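S.K.: Residue numbers (the working numbering): 871 to 1159.
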Ligand code: COA
Ligand code: MG
């Protein structure tokens, strides 16, 4: 699966911001038709995104579109204006039922078939950000076209009547639930937006906390956030070095028939081997090895 350490949103009606995003070396560029686009600019955003997809080279960045949620009345037009220009994936916000992903997947599949594109090449990333979305997450997370679950903390807090706090206790249950369902279905888990985009010190703390919890990436909203977030979601040189040495030692021990080893004074068995392998995978995906 593609590395999605940072997923940068920008208003879909802003060609300058889309162009700026391409210059930043960010993993994912998400051109938004939903909340970053005013009601009277939805049509403009569709036009700008369609042109951007046709005219701009996105380099190594993944090009994503975010459509309006199912039932808003905008979602079908968002898709029909942009899908034909082959984004790499579609972010659908406020998902509350598996049937909504089935609807989206059918639209995408019809386009893939009619254009002769590889089937299932356009992926879905689902925003889970309401009480109902969390209640139905077990089914939602099983959709075969899904690559990632995205946690929308602000909408979720509004949906349950919580007030956001610095400590974030009010979102801890939902944040953890995203991780469990992502892990159980081999999906990426993409963490909350840190909205104070001028505060890079606390952004780093928030991003590292998400990475430690098990998130694979984070949503971002400003160029200042690209480097700190991608750094936080890349394994450090120290972690990579440790993982490589550990896997080397384990390989030798395994050949000799040992399932558990003493590595530099620490007991190492399968769970730690698995996490060392994950570090190597993530380091490769991030281009660090
Ligand atoms: N993507 C790409 N470029 C961006 C950007 C973004 N999300 N946010 C800011 N920039 C650009 C600006 O256009 C500006 O470019 P310039 O120097 O070439 O003129 C530069 O980065 C500095 O921006 P700055 O002046 O600090 O911010 P701003 O006042 O232009 O914008 C926001 C502030 C919050 C309006 C803007 O960051 C934004 O729109 N973020 C995305 C919001 C969003 O998509 N929300 C929905 C998902 S939660
Ligand atoms: Mg939202």
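Here a beta-carbon is modelled for each residue, glycine too, at the ideal position from N, C-alpha and C.
Every value quoted in this text rests on a predicted model; they were computed, and no experiment measured them.
Using the DSSP secondary-structure output, state which residues sit across from residue 1061 in a beta bridge.
M.R.: As a first step, residue 1061 is located in the chain shown; it is residue number 191 there, counting from the start. Answer by DSSP bridge pairing, in chain order: 1088.
S.K.: Let me confirm a value: residue 868 is counted as buried when at least 16 other C-beta atoms fall within 10 Å, else exposed. Which label applies?
M.R.: Here the chain covers residues 871 to 1159 and nothing more, so residue 868 does not appear.
S.K.: Would you tell me roughly how many angstroms separate the C-alpha atoms of residue 1112 and residue 1159, rounded to the nearest one?
M.R.: Position 242 of the chain shown, counted from the first residue, corresponds to residue 1112. Position 289 of the chain shown, counted from the first residue, corresponds to residue 1159. Their backbone Cα atoms lie some 14 Å apart in a straight line.
S.K.: How long is the line joining the alpha carbons of residue 1092 and residue 1062, rounded to whole angstroms?
M.R.: The sequence position of residue 1092 within the chain shown is 222, counting from 1. The sequence position of residue 1062 within the chain shown is 192, counting from 1. Their backbone Cα atoms lie some 14 Å apart in a straight line.
S.K.: State yes or no: is the beta carbon of residue 1131 nearer than 8 Å to at least one beta carbon in chain B?
M.R.: Absent from the structure is chain B; it holds one protein chain and no more.
S.K.: Run the proximity test for residue 1067: is its beta-carbon closer than 7 Å to any non-hydrogen atom belonging to the ligand COA?
M.R.: Against the chain shown, residue 1067 aligns to sequence position 197. Residue 1067: yes, Cβ under 7 Å from the ligand COA.
S.K.: Quick one: residues in its chain with C-beta nearer than 8 Å to the C-beta of residue 1004, no 5 flanking neighbours on either side, listed in chain order?
M.R.: Within the chain shown, numbered from 1, the residue matching residue 1004 stands at position 134. Excluding positions up to five away in sequence, the list reads 998, 1026, 1044, 1047.
S.K.: Looking at the strands, I want to know which residues DSSP matches up with residue 1018.
M.R.: By one-based count along the chain shown, residue 1018 stands at place 148. Paired residue(s): 995, 1058.
S.K.: At 3 residues or longer, what runs of the beta strand (DSSP E) sit wholly inside the stretch 1100-1155?
M.R.: Those beta strand (DSSP E) runs which fall completely within the stretch 1100-1155 and span 3+ residues are 1131-1133, 1136-1138.
S.K.: Is there at least one non-hydrogen atom of the ligand COA closer than 7 Å to the beta-carbon of residue 906?
M.R.: In the chain shown, counting from the first residue as 1, residue 906 sits at position 36. Correct: residue 906 has its Cβ closer than 7 Å to the ligand COA.
S.K.: Determine the extent of the alpha helix (DSSP H) in which residue 1025 is found, giving its start and end residues.
M.R.: Here residue 1025 corresponds to residue number 155 of the chain shown, with the count starting at 1. Run containing residue 1025: 1023-1030, per the alpha helix (DSSP H) assignment.
S.K.: How close, in whole Å, do the beta carbons of residue 1051 and residue 1011 come, if the pair is a contact with beta carbons under 8 Å?
M.R.: Residue numbering aside, residue 1051 sits at position 181 when the chain shown is read from its first letter. Residue numbering aside, residue 1011 sits at position 141 when the chain shown is read from its first letter. Right, their Cβ atoms sit about 4 Å apart.
S.K.: Helix or strand or just coil, what does DSSP make of residue 1075?
M.R.: Translated into the one-based positions of the chain shown, residue 1075 becomes position 205. Reduced to three states, the DSSP call for residue 1075 is helix.
S.K.: Would you identify the three-state DSSP class for residue 854, choosing helix, strand or coil?
M.R.: For residue 854 there is no data in the structure shown, the boundaries of the chain being 871 and 1159.
S.K.: Do residue 1018 and residue 1079 have their C-beta atoms within less than 8 Å of each other?
M.R.: The residue labelled residue 1018 in the question sits at position 148 within the chain shown. The residue labelled residue 1079 in the question sits at position 209 within the chain shown. For residue 1018 and residue 1079, no; Cβs fall outside 8 Å.
S.K.: Assuming the contact rule is C-beta atoms closer than 8 Å, residue 1084 and residue 1053 should be a hit. Round their C-beta distance to whole Å, please.
M.R.: If you number the chain shown from 1, residue 1084 lands on position 214. If you number the chain shown from 1, residue 1053 lands on position 183. Confirmed, Cβ separation roughly 7 Å.
S.K.: Three or more C-beta pairs under 8 Å: does that hold for the stretch 895-908 against the stretch 1119-1130?
M.R.: With the cut-off at 8 Å, the stretch 895-908 and the stretch 1119-1130 do not touch.
S.K.: Taking only heavy atoms of the ligand COA into account, decide whether any of them is closer than 7 Å to the Cβ of residue 1026.
M.R.: If you number the chain shown from 1, residue 1026 lands on position 156. Incorrect: residue 1026 has no Cβ contact closer than 7 Å to the ligand COA.
S.K.: Which first and last residues belong to the alpha helix (DSSP H) in which residue 1005 is found?
M.R.: In the chain shown, the residue the question calls residue 1005 occupies position 135. Residue 1005 -> alpha helix (DSSP H) spans 1001-1005.
S.K.: Indicate whether residue 992 and residue 959 have their beta-carbon atoms separated by less than 8 Å.
M.R.: As a position in the chain shown, residue 992 is number 122, starting the count at 1. As a position in the chain shown, residue 959 is number 89, starting the count at 1. Yes, these two residues count as a Cβ contact at 8 Å.
S.K.: Which residue from 926, 896, 875 puts its Cα closest to that of residue 885?
M.R.: Your numbering for residue 885 matches position 15 in the chain shown. Considering only alpha carbons, the answer is 926.
S.K.: Is it the case that the CB of residue 890 approaches a heavy atom of the ligand COA more closely than 7 Å?
M.R.: Within the chain shown, numbered from 1, the residue matching residue 890 stands at position 20. For the ligand COA, at least one heavy atom lies less than 7 Å from the Cβ of residue 890.
S.K.: Which same chain residues, not among the five before or five after residue 1077, have their C-beta less than 6 Å away from its C-beta?
M.R.: Residue numbering aside, residue 1077 sits at position 207 when the chain shown is read from its first letter. Excluding positions up to five away in sequence, the list reads 1088, 1099, 1102.
S.K.: Output the distance between the C-alpha atoms of residue 1082 and residue 984, rounded to the nearest integer angstrom.
M.R.: Numbered from its first residue, the chain shown carries residue 1082 at position 212. Numbered from its first residue, the chain shown carries residue 984 at position 114. C-alpha separation (whole angstroms): 43 Å.
S.K.: What does the Cβ neighbour count give for residue 909, buried or exposed, with the cut at 16 atoms within 10 Å?
M.R.: In the chain shown, residue 909 corresponds to position 39, counting from 1. That one is exposed.
S.K.: Output yes or no for whether 8 Å exceeds the beta carbon distance between residue 954 and residue 981.
M.R.: Numbered from its first residue, the chain shown carries residue 954 at position 84. Numbered from its first residue, the chain shown carries residue 981 at position 111. It is a contact, given that the beta carbons lie within the stated cut-off.
S.K.: Given this structure, state the Cα-to-Cα distance separating residue 921 from residue 1039, to the nearest angstrom.
M.R.: As a first step, residue 921 must be located in the chain shown, where it is residue number 51. As a first step, residue 1039 must be located in the chain shown, where it is residue number 169. So the alpha carbons of these two residues sit roughly 42 Å apart.
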